[in-house]
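What follows is a single structure, written as structure tokens, with notes after it.
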Amino acid sequence: GAVVSQHPSRVICKSGTSVKIECRSLDFQATTMFWYRQFPKKSLMLMATSNEGSKATYEQGVEKDKFLINHASLTLSTLTVTSAHPEDSSFYICSAKGTSGRAADTQYFGPGTRLTVL
Amino acid sequence: AQSVTQPDIHITVSEGASLELRCNYSYGATPYLFWYVQSPGQGLQLLLKYFSGDTLVQGIKGFEAEFKRSQSSFNLRKPSVHWSDAAEYFCAVSASGTYKYIFGTGTRLKVLA
Chain A
104 GAVVSQHPSR VICKSGTSVK IECRSLDFQA TTMFWYRQFP KKSLMLMATS
154 NEGSKATYEQ GVEKDKFLIN HASLTLSTLT VTSAHPEDSS FYICSAKGTS
204 GRAADTQYFG PGTRLTVL
Chain B
22 AQSVTQPDIH ITVSEGASLE LRCNYSYGAT PYLFWYVQSP GQGLQLLLKY
72 FSGDTLVQGI KGFEAEFKRS QSSFNLRKPS VHWSDAAEYF CAVSASGTYK
122 YIFGTGTRLK VLA
């Protein structure tokens, strides 16, 4: 139980295009989802926290208009990197937390999405 | 300010040897504590967690961790390491009710055959 998936696992795009990454909780309802960015050999940097049905809360220094987050249902959150540039290339990881069972008090992580912007 | 420190960036052990990964935290109240493992190119898998109660916590894959309030530590241990344990290990802390994590910088474990 408490499985989180991400799609795609890897994406390569041209500079200036937008890329959408999906994060799904497969076997529980995720009231809260988190989006992280991880640089090579570095720790995870929290980008934003999203609660189902409300606007995401972004961490300081994260551009809201650059990284659009939508959490429209209890099992799906999306991160859209708008007008991507090479400096946006990174490993993006989502996590989800539910309200009951084993997912109630712990974040469960997706497998990550490797974004490469050419 | 809240913080998590993993003093060891890299650790190398021989297969079959014991392992201890250190984690120290700075937090005003009793935190929720977690250990996660990340294999190359993968997401994070929860090894174990501590919220309250027994300070020695058992996790998956033969790992355990001990919460020591007096030392503000939550070290991860395994009595006998397997080659498949080679990965990056992250300690994390959160406040009760927020579930917003603060991660340590990670410890990369290398296992020698």
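Note that the protein sequences, when read in sequence, are chains A and B.
Residue 201 in my numbering sits at position 98 of the first sequence; the count goes up by one each step and never skips.
Residue 112 in my numbering sits at position 91 of the second sequence; the count goes up by one each step and never skips.
Note that the Cβ used here is the ideal one computed from N, Cα and C, for glycine as well.
From a predicted model like this one, the values you see are computed outputs, not experimental measurements.
So which residues of chain A does residue i contact, with C-beta pairs closer than 9 Å?
{"i": "residue 126/B", "result": "145, 146"}
{"i": "residue 72/B", "result": "208"}
{"i": "residue 95/B", "result": "Within 9 Å Cβ-Cβ: nothing; residue 95/B doesn't reach chain A, min ~15 Å."}
Would you tell me roughly how many angstroms separate the C-alpha atoms of residue i and residue j, rounded to the nearest one?
{"i": "residue 64/B", "j": "residue 91/B", "result": "32 Å"}
{"i": "residue 51/B", "j": "residue 73/B", "result": "9 Å"}
{"i": "residue 138/A", "j": "residue 163/A", "result": "14 Å"}
{"i": "residue 119/A", "j": "residue 135/A", "result": "30 Å"}
{"i": "residue 223/A", "j": "residue 151/A", "result": "Here chain A covers residues 104 to 221 and nothing more, so residue 223/A does not appear."}
{"i": "residue 112/B", "j": "residue 221/A", "result": "33 Å"}
{"i": "residue 144/A", "j": "residue 155/A", "result": "31 Å"}
{"i": "residue 26/B", "j": "residue 47/B", "result": "8 Å"}
{"i": "residue 149/A", "j": "residue 174/A", "result": "16 Å"}
{"i": "residue 168/A", "j": "residue 219/A", "result": "19 Å"}
{"i": "residue 193/A", "j": "residue 187/A", "result": "11 Å"}
{"i": "residue 207/A", "j": "residue 28/B", "result": "30 Å"}
{"i": "residue 128/B", "j": "residue 191/A", "result": "25 Å"}
{"i": "residue 216/A", "j": "residue 107/A", "result": "13 Å"}
{"i": "residue 141/A", "j": "residue 68/B", "result": "20 Å"}
{"i": "residue 158/A", "j": "residue 31/B", "result": "39 Å"}
{"i": "residue 115/A", "j": "residue 71/B", "result": "39 Å"}
{"i": "residue 115/B", "j": "residue 56/B", "result": "12 Å"}
What are the boundary residues of the beta strand (DSSP E) that residue i is part of?
{"i": "residue 123/B", "result": "122-124"}
{"i": "residue 112/B", "result": "108-115"}
{"i": "residue 131/B", "result": "128-133"}
{"i": "residue 109/A", "result": "107-110"}
{"i": "residue 124/A", "result": "122-128"}
Along chain B, which residues have their Cβ under 8 Å away from the Cβ of residue i?
{"i": "residue 211/A", "result": "67"}
{"i": "residue 152/A", "result": "121"}
{"i": "residue 135/A", "result": "120"}
{"i": "residue 196/A", "result": "64, 65"}
Does residue i come out as helix, strand or coil in the three-state DSSP assignment?
{"i": "residue 196/A", "result": "strand"}
{"i": "residue 162/A", "result": "coil"}
{"i": "residue 169/A", "result": "coil"}
{"i": "residue 66/B", "result": "strand"}
{"i": "residue 92/B", "result": "helix"}
{"i": "residue 155/A", "result": "coil"}
{"i": "residue 105/B", "result": "helix"}
{"i": "residue 144/A", "result": "coil"}
{"i": "residue 190/A", "result": "helix"}
{"i": "residue 82/B", "result": "helix"}
Let me know if residue i comes out buried or exposed under the rule of 16 or more other beta-carbons within 10 Å of its beta-carbon.
{"i": "residue 212/A", "result": "buried"}
{"i": "residue 79/B", "result": "exposed"}
{"i": "residue 75/B", "result": "exposed"}
{"i": "residue 113/A", "result": "exposed"}
{"i": "residue 22/B", "result": "exposed"}
{"i": "residue 49/B", "result": "exposed"}
{"i": "residue 170/A", "result": "buried"}
{"i": "residue 199/A", "result": "buried"}
{"i": "residue 101/B", "result": "exposed"}
Can you pull the chain B residues whose beta carbon is under 9 Å from the beta carbon of residue i, in chain order?
{"i": "residue 200/A", "result": "120"}
Going along chain A, which residues have a C-beta under 7 Å from residue i?
{"i": "residue 63/B", "result": "214, 215"}
Going along chain A in order, which residues have a C-beta closer than 8 Å to the C-beta of residue i?
{"i": "residue 111/B", "result": "146, 147"}
Closer than 7 Å, CB to CB, is residue i near chain C or not?
{"i": "residue 48/B", "result": "The chain inventory of the structure shown lacks chain C, comprising the protein chains A and B."}
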